[in-house]
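Reading through the structure tokens given below for one structure.
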Amino acid sequence: MTASLRIYLLSGSPFTAEATVPQAAGLCKSFQGAPAGTWPIRNAIRAGVGLVPENRRVEGIVPTLSVRDTIAPAALPRLSRAGIVSDAHLDRIVDTFMRRLGIQAVSPRQAAGELSGGNQQKVLPARWLAMHPKVLLLDEPSRGVDITTKVAMRSLLDDLAVDGPAILLISSDVSELVENCDSVVVLRDGAVVGEPAGPEVSEDRIMGALAAG
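Residue numbers for the sequence shown follow our numbering, beginning at 77 and rising by one.
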């Protein structure tokens with residue numbers, strides 16, 4: 077089985093992280109004062125692009141929605157026939173992705189906002205994976221979560237590299253990049269300052285590119 081391409085972006089400044097992800101996902105209309113295109117979110121979803129934002133509580137989940145209702149809508153377009161989909165089928169899909177990502181909840185009907193930060197972080201990838209995306213953008217997926225969740229996210233990335241979508245990961249955690257990545261695009265103040273790949277991916281190479289840039 078052919079592994080998916082995994083490209084990781086390292087943000088060298090807060091500016092980079094805040095601007096790169098929305099632009100890549102088609103969420104912002106300008107970048108550094110210039111038009112960045114007007115790719116509607118619905119077009120991005122239709123094209124198979126999913127986004128897991130860093131600020132999951134504000135931009136990612138609706139706290140009052142259940143885990144089921146957070147995950148299920150992404151699966152509807154590929155499951156429905158004449159606009160109809162069985163609740164039982166939907167429940168099986170949700171259960172599959174909850175187990176795959178190790179989401180701990182009282183039940184799928186529990187409000188997503190009641191989950192721990194780590195479990196909320198897992199709900200968002202589950203939602204997009206249910207859509208079977210072609211590209212999945214992950215913005216700082218391990219920031220603000222416990223070590224158990226970090227390990228789970230790393231395991232998920234390994235699984236996705238085998239049979240999942242292409243992954244675009246934005247991270248300021250150099251060790252996370254070195255442990256997981258196939259290639260890295262190092263950014264500083266919005267400019268590319270390094271592109272190590274394969275055996276060249278190392279903390280020294282990444283930090284050296286940032287310092288030299």
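For glycine and all other residues, C-beta sits at the position ideal for the given N, C-alpha and C. Keep in mind it's a predicted model, so treat the numbers as computed, not measured.
Residue i: first and last residue of the uninterrupted alpha helix (DSSP H) it sits in
i    : result
G194 : 193-205
L141 : Where L141 is concerned, there is no enclosing alpha helix (DSSP H), given that its DSSP letter is neither H nor E.
D167 : 163-177
D280 : 279-288
Residue i (DSSP reduced to helix, strand or coil)
i    : result
D234 : helix
I243 : strand
S251 : helix
R264 : strand
G126 : strand
A181 : coil
Residue span of the beta strand (DSSP E) that contains residue i, given as start and end
i    : result
A267 : 267-270
D258 : Taken as a continuous stretch (DSSP letters only), D258 belongs to no beta strand (DSSP E), as it is neither H nor E.
Residue i vs residue j beta-carbon contact at 9 Å
i    : j    : result
V262 : L286 : yes
P201 : L191 : no
A292 : I147 : Examination of residue 292 is not possible in this model, given that the chain is present from 77 through 289 alone.
D215 : I246 : yes
I179 : V199 : yes
Q197 : V143 : no
G126 : A150 : yes
For residue i: DSSP bridge partner residues
i    : result
D344 : Only positions 77 to 289 of the chain appear in the structure, and residue 344 is not among them; the question remains open.
A187 : S142
Inter-stretch contact (C-beta, 8 Å, three-pair minimum) for the region 239-258 and the region 266-279: yes
Between the region 226-235 and the region 163-172, are three or more C-beta pairs nearer than 8 Å? no
Quick check: the region 207-223 against the region 175-186, are there 3 or more CB pairs under 8 Å? no
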